[in-house]
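Novice: Read top to bottom, the protein sequences are chains R and U.
For the first sequence, position 177 (counting from the first letter as 1) is numbered 177 according to the numbering used here, and the numbering increases by one without interruption.
The numbering used here runs 446 ahead of the 1-based position in the second sequence.
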Amino acid sequence: MEKQYINLYKQYHETIKKHSSSLMNVSRDASFALFEKLGFPTTKLEKYKYTDLTDALSYDYGLNINRLDIPVNPYQVFKCDVPGIQSYLYFVLNDGFYPVNDKRNDELPESVIICSLREAAEKYPALVEKYYGKLTATKNDGLVAFNGAFAQDGFFMYVPENIQLDRPVQLINIMRSDVDFMANSHNLIILEKNAKAQLLVCDHTMDDVRFVTNRVTEVFVNEYATYEHYKLENTHNRTTNLSTLLIDQKASSIVLGNIMTLHNGVTRNTIEIGINGEHCETTLCGMVVGDKNQQVDNYTSIRHNKPNCHSTELFKYVLDDVSKGGFTGELYVARDAQKTQAYQTNKNILLNRTAKMRTKPQLEIYADDVKCSHGATIGQLDESAMFYMRQRGIPEKEARLLLMFAFTADVMEHIRIDALQDRMKMLVEKRLRGELSKCEGCVICQ
Amino acid sequence: MLEIKNLHANIDGKEILKGLSLEVRPGEIHAIMGPNGAGKSTLASVLTGHPSFEVTHGEVSFHGKDLLELAPEERANEGIFLSFQYPVEIPGVSMVNFMRTAINEQRKYRGQDPISATDFLRLMREKKELVEMDNKLTNRSVNEGFSGGEKKRNEIFQMAMLDPKLSILDETDSGLDIDALRIVANGVNKLKRPDNATIVITHYQRLLDYIVPDFVHVLYDGRIVKTGDKNLALELEEKGYDWIKQEVGSI
Ligand SMILES: Nc1ncnc2c1ncn2[C@@H]1O[C@H](COP(=O)(O)OP(=O)(O)OP(=O)(O)O)[C@@H](O)[C@H]1O
Ligand SMILES: [Mg+2]
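#1: Quick one: grab the DSSP three-state call for A399/R.
#2: If you measure between the beta carbons of E551/U and I394/R, is that distance less than 9 Å?
#3: If you run the structure through DSSP and keep just helix, strand and coil, what is R390/R?
#4: What does a CB cutoff of less than 6 Å around S323/R pick up in its chain, not counting 5 residues either side in sequence?
#5: Would you say L608/U reaches chain R, if we count a Cβ-Cβ gap shorter than 9 Å as a contact?
#6: Strictly below 9 Å CB to CB, what residues from chain U border R400/R?
#7: For a test of the three-state rule: what should DSSP assign to Y299/R, helix, strand or coil?
#8: With a threshold of 8 Å, establish whether the CB of P481/U neighbours any heavy atom of ligand 1.
#9: For T564/U, count neighbouring Cβ atoms within 10 angstroms of its own Cβ and tell me buried if that reaches 16, exposed if not.
#10: Return the chain-ordered list of same chain residues with a C-beta closer than 8 Å to the C-beta of G403/U, the five sequence neighbours on each side being excluded.
#11: Considering Cα atoms alone, identify which of L463/U, G674/U, N581/U, L493/U is closest to V662/U.
#12: Three or more C-beta pairs under 8 Å: does that hold for the stretch 125 to 133 of chain R against the stretch 161 to 168 of chain R?
#13: In the structure shown, what three-state DSSP assignment does C442/R receive?
#14: If you measure between the beta carbons of P307/R and E272/R, is that distance less than 9 Å?
#15: Spatial neighbours of L514/U within its chain, please: CB distance less than 7 Å, with the 5 preceding and 5 following residues excluded, ordered by chain position.
#16: How many angstroms separate the CA atom of R335/R from the CA atom of N269/R?
#17: Which bits of chain B does A643/U rub up against, with CB to CB less than 9 Å?
#18: Less than 8 Å separating the Cβ of Q410/U from some heavy atom of ligand 1?
#19: Under 9 Å, Cβ to Cβ, is there at least one residue of chain U near C445/R?
#20: Under three-state DSSP, which class holds M447/U?
#21: Leaving out five residues before and five after E36/R in sequence, what residues of the same chain have Cβ atoms less than 7 Å from its Cβ?
#22: Answer yes or no: the CB of A477/U versus the heavy atoms of ligand 1, is any distance below 8 Å?
#23: Just to confirm my understanding: we take I614/U, look at its own chain, exclude 5 residues before and 5 after, and list those with CB closer than 6 Å. What are they?
#24: Can you tell me which of E519/U, N543/U, K573/U puts its alpha carbon nearest to the alpha carbon of R556/U?
#25: Please report the residue range of the alpha helix (DSSP H) in which S467/U lies.
#26: In terms of alpha-carbon separation, which member of F508/U, V539/U, H496/U, I657/U lies closest to E469/U?
#27: Relative to the C-alpha of F156/R, which residue among R433/R, K339/R, S185/R is closest?
#28: Counting only beta-carbon separations shorter than 9 Å, does Y5/R have a partner in chain U?
#29: Between the alpha carbons of I378/R and T345/R, how many angstroms are there, rounded?
#30: Roughly how many whole angstroms lie between the Cα atoms of I510/R and I16/R?
#31: Anything in the stretch 379 to 390 of chain R with a Cβ closer than 7 Å to a Cβ of chain U? List those residues in chain order, please.
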């Protein structure tokens, strides 16, 4: 499986480098060497035991290492139907940042930089160099290494000190191809002191071919900054989404992550948050609605390296048919991270006997003055609540729906953008009803 | 309106109702009393179609329809309401959403359009007043974190909202303080009409001072073994069930 990519790199690494930035190329060969050594992760690895990529990686995918133009203007074809959402709107088409040409973005404060990572590396080399690859460098991970070798571009966002964005930034990853296709991209997000930004990442597919995406995002949240990261995955079932989100939190910063999978094929999210300053607040939530043969594995890690911080983690899955879910909640509290409060919850509902959920809390706590808790449950819908509702005249199907919807309600409460929350509630309800919950402009096959 | 003939019902293969017969006509109030474990709640569950119970024998008709053929929601929409002995908490489902859904399902069943927002709010307000229910409660999830008494009051509030033909109140009085008991009982009395009926399951004669029954039945070991008027309740209060058990035993 790895072989074709190893050969591709050996033969075309000059081309790959030519169409990327010198900054991204610095570590490229080393990343490749690491990938050669590690290969793609398999279920034999503890970290990947709930992610089976064998099938997804057995196909031939095209890569666009020559950065050929993809003849589509997402600003024209893509209508995001989150009504009432006022956002700064950007696209990554396959694996390249699409040039901005939308009026809405004119109002972005001038000091904020949003552009392609390649462009940023050329225009602001000192800034990019300070951050780029700092979180990936220590990762001994096949997917991250692969990304380091093949990613040529990505999304870049810089919010300077004391700038608080008045509306969310929306980044839409669109997959568009006539043949089976693989995209690798690297995103870099930097919030300076006391900055604030909300990023909504939407994953969409436009064509009914096989897609693999392998995206790495590094986020640096400096002192007193607030960063919210929402991810909405709504892709078709021949898509494999591999995503690594690495966040570095400095003192007194606030981070909220909310990772929602409504429709997909195979998904692996690795989310690692390092709390590297005191008085931080961290909330990491997620929700999965899975049916048919969807697979979703969320591997999460929150590392309390400094004292006096709070973290809350909440993941909920509703699984039907032969879908499979995986959740790992790694919680690390360093020896001197006293007064840490860390709470982790993973609750799952299996709608039938063939759906599978595997959940694993993994706690390593070295400080003694801490409050930590974790809980995981796998169950069915509450039958007594079902009967109670039916006794009030609510048909079984509707009662089920109300219960499933209620089950996901607390994850949705952690969406701090009202229009998005409303929209999500609608999408989730439609999804639970078994209707298509697609946004306009993307393909979803049933 | 309700006719139960020789009803037998099992749970997990164990027979609980053992040939129960009862007839309820419009306008009547029936009290059912009986020792713990006699099968009172089981009767309520079987009448409302709880899926854990299996009817092995007998017939139940409601307004001429074979009740046992209907799904729980259909029975509800035909006008049968159960005030649960143990109301269920449903976190994440708001009272308002729950009530609106229930009302609209009932209307759909009857071929009516969904209720308008203003009519719904007015109805909510009116019925809350009837049982003096706190606004705070209807703003929360169904029964979540409600005290025992608040849950019972909420049952009667829902009853008022849904305006049933036959209400079964399963120990609605237990857990209510003296004032709440009077309020809830008044609510039930105000909902009383010549065309609806009530079955009151209770252990205490006190409730029957407020909701005066036309008949009092004693349910014992899965059957109705004695029927009388309201004075039977007084007699039971005074003497307990032993004499009934002896009477049954001697038959
Ligand atoms: N799920 C069950 N499995 C086995 N037995 C059950 C089950 N549910 C009820 N029973 C039994 O059925 C019998 C009747 O119970 P029921 O709840 O109808 O009594 P009740 O008359 O309402 O009593 P109480 O006055 O205590 O409310 C009891 O012996 C009880 O243990
Ligand atoms: Mg009972």
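Beta carbons are placed, not taken as given, at the ideal position from N, Cα and C, and that holds for glycine.
These numbers come from a predicted model, not from an experiment.
Specialist: From the atom records:
#1: helix
#2: yes
#3: Helix, per DSSP.
#4: The beta carbon of S323/R sits closer than 6 Å to the beta carbons of G290, D291, Q294, A355 from its chain, once the five residues preceding and following it are set aside; these are given in chain order.
#5: yes
#6: Per Cβ cutoff of 9 Å: no residues; R400/R is ~12 Å from chain U at best.
#7: strand
#8: yes
#9: exposed
#10: No statement about residue 403/U is possible, as the shown extent of chain U runs from 447 to 697 and does not include it.
#11: G674/U
#12: no
#13: Because C442/R carries a pLDDT of 46, less than 50, the predicted location of this residue cannot be relied on, and the following value inherits that uncertainty. Here C442/R sits in coil by DSSP.
#14: no
#15: V501, V506
#16: 28 Å
#17: Any reference to chain B falls outside this structure, whose protein chains are R and U.
#18: Not covered by the structure: residue 410/U. The range shown for chain U is 447 to 697.
#19: The predicted position of C445/R is uncertain, since its pLDDT is 37 and thus under 50; a value taken from the coordinates is nonetheless stated next. For C445/R, no Cβ of chain U is located within less than 9 Å of the residue's own Cβ.
#20: In the three-state DSSP reduction, M447/U falls in the coil class, being neither helix nor strand.
#21: I6
#22: no
#23: A490, L528, I645
#24: E519/U
#25: No alpha helix (DSSP H) holds S467/U; the beta strand (DSSP E) holding it covers 460 to 470.
#26: F508/U
#27: With distances taken between Cα atoms, F156/R lies closest to S185/R.
#28: no
#29: 11 Å
#30: Because chain R in this structure spans residues 1 to 446, residue 510/R falls outside the shown range and cannot be described.
#31: S384, A385, F387, Y388, R390
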